[in-house]
Amino acid sequence: MSFLWGVVWGVAAVLVVAVGAIIGVWWERKVAARIQLRLGPQQIGPAGSLQMVADVLKLLVKEDIVPDASDEPFFRYAPLAVFAPVAMSIAVIPFAAGWAPFDASVGVFFFLAVPSIGVLGILFSAWASHNTLSALGGVRAAAQMVSYEVPRSLSVLSVLVLAGTLRPVGVMDAWQWWWIPATFVGFIVYLISSIAEMNRGPFDIPEAESELVAGYFADYAGIRWAVFMMGEYGAMISASLFGAAMFLGGYHLLPGALGIVAFIAVASLLMTVIMWVKWTLPRMRQDQLMEFCWKMLTPIALVQLLVAGVIAAWL
Amino acid sequence: MSEELVVNIGPAHPSTHGVCRVIVTLDGEVVRHSEVVIGHLHRGIEKMAENRTYLQIVPLTDRLDYVGSMYANWAYCRAVERLAGIRVPERAEYIRVIVCELQRIASHMMSVGPAGADTGATSVFMYTFNQREQVVDLFEQLCGARLTYNYVRPGGVSMDTPVGWADNVRAFCRTHPAAMAEVDRLLFGNVIARQRMKGIGVLSAPDAVAWGASGPVARGSGVSWDLRRDSAYSIYPRLDFDVPVGSNGDCYDRARVRLWECIESCHIIEQALDQMEPGPVMAEAVPRLLAPPPGEAYDHIESARGSLGVYLVSDGTPRPYRMKVRSPAFCNLALLPKLAEGHTLSDLIVILGSLDPVFGEVDR
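Chain order of the listed sequences is A and B.
The first sequence begins at 87 in this note's numbering and counts up one residue at a time.
The second sequence begins at 4 in this note's numbering and counts up one residue at a time.
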């Protein structure tokens with residue numbers, strides 16, 4: 087029976103990520119267009135809202151190209167290895183009071199650990215493509231994603247210290263409004279390192295379309311490429327939801343059933359901020375990125391953790 | 004020393020600014036050696052010119068530097084006028100200066116914007132492209148073409164400015180500096196952009212001279228060399244303008260020099276519009292089939308990329324015996340392997356962009 091529920095939730099998570107990605111792409115194109123003095127999609131459906139449906143249909147029927155020199159099984163299934171962990175991580179997010187799709191006792195750990203499996207998928211795709219630019223992108227991605235795990239986890243730890251539990255639902259139960267100012271610096275660190283974790287601008291160094299063309303997924307086309315994109319948007323959705331829950335109070339912002347609306351709204355706002363950052367800032371260089379991680383974000387996250395620890399001990 | 008990786012960039016690549024191929028030898032991310040392969044856009048324009056009449060060559064020169072067609076038009080026409088001894092009417096000189104300064108803005112917008120795009124800030128590109136678009140609209144009003152103008156002709160310009168055009172130009176010159184200030188804050192004021200461009204691809208002033216660099220590439224290194232001032236051609240001596248000069252010779256200075264030149268260009272245009280008087284725009288009695296006396300002529304102007312020269316040899320027939328273009332983009336591009344060595348692959352792209360090559364002119 088529990089297996090059946092697992093399947094149901096799995097399908098639901100994939101659907102949430104897929105639909106979220108479709109809406110996210112449309113929204114990003116609109117946001118980017120406004121930033122860039124353009125209009126964005128506007129021909130198909132109201133305000134171009136069905137543009138992505140058309141695009142997905144196009145991607146589904148495109149030829150599935152596998153380069154001759156590629157390592158075929160790895161090349162074929164690498165997108166799944168990127169996408170699946172992201173979809174899995176959404177399961178532990180506490181959407182409403184006392185409820186998460188997968189109420190794990192180590193849910194926060196699960197959320198931080200599982201998406202980092204995606205690095206493997208990126209490395210598979212990069213290496214299996216048999217392409218120098220892809221290989222460079224893959225190596226860059228591995229270095230970046232593994233490094234940014236550290237400040238990201240440390241920043242989340244500061245909330246956990248206050249909550250005293252690893253259960254996301256438990257964290258939300260214990261949530262107090264003053265956690266927002268107390269962990270605000272940690273929230274900023276979380277947001278920055280999440281952007282780096284999902285390889286988006288200004289940290290899109292592994293993809294770096296002006297240097298590596300598209301980096302690790304340069305050789306992908308059609309639906310396999312789309313799965314990579316869904317993985318990226320899925321990471322953005324899950325990071326925004328998790329950040330809104332852990333650092334900004336999630337469903338506590340409005341009472342009752344309205345709470346979930348507020349939660350989704352705040353997460354959407356975070357997604358918009360992530361898009362805004364991407365379309366405004368230039369891309370960092372690999373060495374600058376690593377320096378920023380280890381010399382700036384990690385110490386700041388540690389100080390935040392210390393502050394949270396002192397507060398928790400004092401209470 | 005680890006094993007080296009040879010990476011092929013281009014000729015089809017988003018940020019080679021045209022069809023350029025760079026074979027890069029990487030040690031990790033660090034460029035040990037790079038080799039620029041040019042010629043993908045070679046159309047033999049110099050050779051084609053030998054079989055065309057002098058007037059028929061003007062459209063060919065449009066295709067040299069397709070981001071700044073007016074320059075090649077003008078440089079070529081100056082060489083022809085020198086060869087044939089044609090005196091250009093005053094109004095035509097003013098119009099030439101105005102269109103070439105507008106062209107400088109349009110061309111630099113295709114360099115400052117991509118300087119952002121090369122580092123991933125695509126929005127800056129859109130803002131600068133918006134400015135370029137306004138200039139291109141002005142050119143469309145002027146001569147009907149948006150890219151290859153064929154406007155400057157031996158003896159003058161093809162037609163006078165349309166009614167109200169000067170007002171449109173003035174309106175653009177009023178709004179343009181503010182737009183540049185915005186780009187300055189957004190791109191050059193950004194800490195990531197500074198990190199990406201400062202100290203990258205440093206070209207010393209003696210090297211800039213020794214390698215024949217010109218234009219913003221040389222001026223970014225502190226070489227105050229501008230043909231508009233130092234060769235004082237056309238009506239430039241009557242105009243008051245500064246020549247912006249950088250100090251460090253890095254990508255940041257090269258890009259920023261371009262930005263400031265755009266604002267200076269606005270000043271030049273406004274002065275020229277004030278001084279311009281009505282009159283003819285084409286010298287009298289320039290024959291359709293121009294046959295200059297035997298001889299040779301070289302003339303150069305300051306294009307957006309540097310000293311653009313055209314050398315013409317006439318044997319007295321209506322077709323030139325030889326045409327040679329001194330392309331600043333070609334000379335500047337030659338610096339890439341030197342500047343990129345020791346920097347990372349990401350920096351190589353930024354350096355290539357900061358040299359602002361246009362491959363129509365590099366390959367000719």
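In this text, a Cβ means the ideal position worked out from N, Cα and C, and glycines have one as well.
Since the model is a prediction, treat every value here as computed from it, not as a measurement.
By a C-beta neighbour count over all protein chains shown, 10 Å radius and 16 as the cutoff for buried, is Leu-367/A buried or exposed? buried
Are the C-beta atoms of Glu-297/A and some chain B residue less than 8 Å apart? yes
Shorter than 8 Å from the beta carbon of Pro-385/A to some beta carbon of chain B? no
Alpha helix (DSSP H) containing Pro-267/A: first to last residue? 265 to 268
If you scan the region 180 to 245 of chain A from start to end, which runs of the alpha helix (DSSP H) of 4 or more residues do you find wholly inside it? 193 to 199, 204 to 214
In DSSP terms, what Pro-323/B is bridged to: Ser-317/B
Ignore the nearest five residues each way along the sequence and tell me which others in Arg-153/A's own chain have a CB closer than 8 Å to its CB. Residue 153/A is actually Pro in this sequence, not Arg. These residues qualify, in order along the chain: Phe-161, Ser-215, His-216, Asn-217, Asp-305.
Assuming Leu-336/B and Val-365/B are in contact, meaning their beta carbons sit under 8 Å apart, how far apart are those beta carbons, in whole angstroms? 6 Å
Environment of Ile-151/A [buried if 16+ CB atoms lie within 10 Å]: exposed
Does the region 262 to 270 of chain B come close enough to the region 283 to 299 of chain B that 3 or more CB-CB pairs lie under 8 Å? no
When burial is assigned at 16 or more other CB atoms within 10 Å of the CB, is Phe-128/B buried or exposed? buried
Can you tell me whether Phe-303/A is buried or exposed, with buried defined as 16 or more other CB within 10 angstroms of its CB? buried
Taking 8 Å as the threshold (C-beta atoms), are Pro-62/B and Gly-285/B in contact? Note that residue 285/B is Met in the sequence shown here, rather than Gly. Cβ distance not < 8 Å, so Met-285/B and Pro-62/B don't count as in contact.
Range of the contiguous alpha helix (DSSP H) that encloses Asp-277/B: 254 to 278
When we look at the beta-carbon of Trp-261/A and count the other beta-carbons within 10 Å, is it buried (16 or more) or exposed? buried
So, does the CB of Gln-372/A fall closer than 8 Å to a CB anywhere in chain B? yes
Beta-carbon within less than 8 Å of His-36/B's beta-carbon, same chain only, minus the 5 sequence neighbours each way: which residues are those? Val-27, Thr-28, Pro-340, Glu-344
Which word fits Thr-64/B, buried or exposed, when buried means at least 16 other C-beta atoms lie within 10 angstroms of its C-beta? buried
Under 7 Å between beta-carbons, which chain A residues line up against Tyr-255/B? List them in chain order, please. Under the 7 Å cutoff, chain A gives no residues; its nearest Cβ is about 12 Å from Tyr-255/B.
Quick check: what's the CA-CA separation for Leu-344/A versus Gly-336/A? 11 Å
Between the region 213 to 233 of chain B and the region 299 to 306 of chain B, do three or more beta carbon pairs fall short of 8 Å? yes
CB contact flag (Ala-268/A, Ala-394/A, <8 Å): yes
Please report how far the alpha carbon of Ser-324/A lies from the alpha carbon of Phe-181/A, in whole angstroms. 12 Å
Shorter than 8 Å from the beta carbon of Val-10/B to some beta carbon of chain A? yes
Going along the chain, which residues of the region 92 to 115 of chain A sit with their C-beta nearer than 8 Å to a C-beta in chain B? none
Excluding sequence positions up to five away, which residues of its chain have a Cβ less than 6 Å from the Cβ of Gly-272/A? Ser-241, Ser-244, Gln-390
Taking only runs of the alpha helix (DSSP H) that begin and end inside the region 260 to 333 of chain A, which ones reach a length of at least 4 residues, in chain order? 265 to 268, 270 to 283, 308 to 332
Whole angstroms is fine: what's the gap from Gln-278/B's alpha carbon to His-111/B's? 25 Å
How would you label Val-139/A, buried or exposed, when you count the other beta carbons within 10 angstroms and need 16 or more for buried? exposed
Neighbour-count burial assignment, Arg-177/B, 16 or more Cβ in a 10 Å radius: exposed
List, in order along the chain, the chain A residues whose C-beta lies closer than 9 Å to that of Ala-196/B? Leu-367, Pro-368
So, with DSSP's three-state summary, where would you put Asn-193/B? coil
For Glu-377/A, does the count of other Cβ atoms within 10 angstroms reach 16, so buried, or fall short, so exposed? exposed
Is it buried or exposed for Glu-84/B, if we count other Cβ within 10 angstroms and need 16 for buried? buried
CB of Cys-254/B within 8 Å of CB of Val-353/B, strictly: yes
Are the Cβ atoms of Val-22/B and Leu-44/B separated by less than 8 Å? yes
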